[in-house]
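Residue 199 in our numbering sits at position 217 of the sequence shown, with consecutive numbering throughout.
Glycine residues also receive a C-beta, built at the ideal position from the N, C-alpha and C atoms.
Predicted model, so just to flag it, every value in this text is computed and none were measured.
Here is the structure we will look at.
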Amino acid sequence: MRCYLIDDIQSERFIQIDDHNVLKVWTNNPANIEKLLKKFATNLRKIMIEDRCWEDIPPFFYKSLTKCTKLTHLELDFQRSGLMERFLEILPTKKLEHLSLHLWKENNGVQSQLSYLIKNVLAKTPKLKSLNFNHMPISGLSSLGGMGTLKALSLSGDDLPHLNFNIEELRNLEMLEISYSKIDNAANIIALLKKCRKVHTVQFSSTDIFPETVLNEMMSLPNLRRLHLHTDNNTYESWHKFSNLEEILIVQSEPLSSTRNQIKSFLQRSKNLKLYDFEIRNQHNDFGIFIHEVASDIGHECKRHRSIAWNW
């Protein structure tokens, strides 16, 4: 399937919509998408829209989106919450499996309305498998919809909101990503982890001090196999106690004096490890050489990766 996309400088370029019927659009002029939606709406399965200057949703969207009856993936990356609201109002959700909402500029005056619309949309997505909230007003959100179908949850922003999700909606969660600048309430994260006993993949990023209590709760997850920890300021010392991991990526800024011994001990005990990397900032260039030498000395067969792929 092929189509034309007119880019921002008004020149035409030939692009391909792949076999999975994925349409990616980055444009300053939403009118450029009209011809595409009119022609391919009934076949599209995935739509990704990034906005940086739209003032409103063009009228054609209202008609075209309702025709996307096969839509399973939707990613919206908007600047204004008002525009996000109007999009959610017309969103086709019956077959939606993957939803990603990213809001760059929040308008406090419409927070409650946007939160209400999110709740309404989630209540109408019976097949939802993955959900990504980035800078979204979800503090008052008590339901994730899906009723047990949700497999992956990603939450990110500046301040971690209060989370009070129903345990029934998290009982089958397998992948959890939490990325917030400030972590004021570690108990909030611990309560979330206690509900997610089937989780096998955890990605945690924060510029705040990493709570050791959260790491201890992660270690209690019986099925945890993939772990990614990235903090600029940390005091944790327990990550090397994980022994059943298949993948690990540790990024920290100020290493403890025992970091090298911890890594060596960890690699010696981790018989199931397949992918790993350790990035210690402010270290000399020989740190990467050290990791390679340790792996060689103990006969480790796993591969070292500078960037581990996370398939959400």
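So threonine 75 and lysine 106 are in contact, right, with Cβ under 8 Å, and what is the actual spacing, rounded?
Contact flag correct, Cβ pair sits at about 5 Å.
Range of the contiguous alpha helix (DSSP H) that encloses phenylalanine 69
That run of the alpha helix (DSSP H) goes 63 to 71.
Smallest Cα separation from glycine 64: which of Glu57, Lys49, Ser97, His80?
Ranking Glu57, Lys49, Ser97, His80 by Cα distance to glycine 64 puts Ser97 first.
Does DSSP classify phenylalanine 147 as helix, strand or coil?
Coil, per DSSP.
Nearest candidate by alpha-carbon position, reference phenylalanine 260, set Ile245, Lys21, Lys109, Leu104:
Out of Ile245, Lys21, Lys109, Leu104, the CA that lies nearest to the CA of phenylalanine 260 is found in Ile245.
Which complete alpha helix (DSSP H) runs does the segment 187 to 233 hold, if anything under 4 residues is left out?
List check, alpha helix (DSSP H) in window: 194 to 201.
For the beta strand (DSSP E) that contains alanine 134, what are its first and last residues?
Looking at the DSSP string, the run of the beta strand (DSSP E) that includes alanine 134 is 134 to 141.
Going straight from the alpha carbon of methionine 30 to that of lysine 256, what length do you get?
Taking the straight line joining both Cα atoms gives about 32 Å.
How is glutamate 16 classed by DSSP in three states: helix, strand or coil?
Glutamate 16 sits in a helix when the DSSP states are folded into three classes.
Return yes when the Cβ of leucine 56 is within less than 8 Å of the Cβ of leucine 78, no when it is not.
Contact: yes.
Once the 5 residues before and after serine 82 are set aside, which same chain residues still bring their CB inside 6 Å of it?
So the list reads Glu57, Asn114, once near-sequence residues are dropped.
Rounding to the nearest angstrom, what Cα-Cα distance links arginine 148 and glutamate 228 in this structure?
Inspection of the sequence shows that residue 148 is occupied by asparagine rather than by arginine. Rounded to the nearest angstrom, the two C-alpha atoms are 30 Å apart.
Looking at the strands, I want to know which residues DSSP matches up with lysine 164.
In DSSP, lysine 164 forms a bridge with Asp141.
What do you get for threonine 213, buried or exposed, if any count of 16 or more other CB atoms within 10 angstroms of its CB means buried?
It is buried - the Cβ of threonine 213 has at least 16 other Cβ atoms within 10 Å.
Taking the beta strand (DSSP E) that glutamate 156 falls in, what are its first and last residues?
Per DSSP, glutamate 156 belongs to no beta strand (DSSP E) and is neither H nor E.
Using DSSP with H/G/I as helix, E/B as strand and the rest coil, what is threonine 183?
Three-state DSSP puts threonine 183 in a strand.
Which residues share a DSSP beta bridge with asparagine 254?
Partner(s): none; asparagine 254 has no beta bridge.
Looking at the structure shown, is lysine 111 part of a helix, part of a strand, or coil, going by DSSP?
In this structure, lysine 111 counts as coil in the three-state DSSP scheme.
Would you please state the rounded distance, in angstroms, between the beta carbons of glutamate 150 and glycine 130? I believe it to be under 8 Å.
So it is a contact: roughly 6 Å between Cβ atoms.
Distance, Cα to Cα, glutamine -2 vs phenylalanine 192?
Residue confidence for glutamine -2 is low, a pLDDT of 44 falling below 50, so the modelled location carries little weight and cannot support an answer.
If we count the other Cβ atoms within 10 Å of its Cβ and call it buried at 16 or more, is threonine 195 buried or exposed?
Counting the other Cβ atoms within 10 Å of the Cβ of threonine 195 gives fewer than 16, which makes it exposed.
Rounded to a whole number of angstroms, what is the C-alpha to C-alpha distance between tryptophan 292 and glutamate 71?
A caution first: tryptophan 292 carries a pLDDT of 41, below 50, which makes its placement in the model unreliable, though a value can still be read off. Whole-angstrom Cα-Cα distance: 31 Å.
Buried or exposed: asparagine 90, going by 16 or more other Cβ atoms within 10 Å of its Cβ?
Any reading at asparagine 90 must be qualified, since the residue scores a pLDDT of 48, below 50, and its modelled position is unreliable; the value itself is stated next. Flag for asparagine 90 reads exposed.
Measuring alpha carbon to alpha carbon, tell me which of Arg27, Gly139, Leu203, Leu104 ends up nearest proline 119.
Of the candidates Arg27, Gly139, Leu203, Leu104, the one whose C-alpha sits nearest the C-alpha of proline 119 is Gly139.
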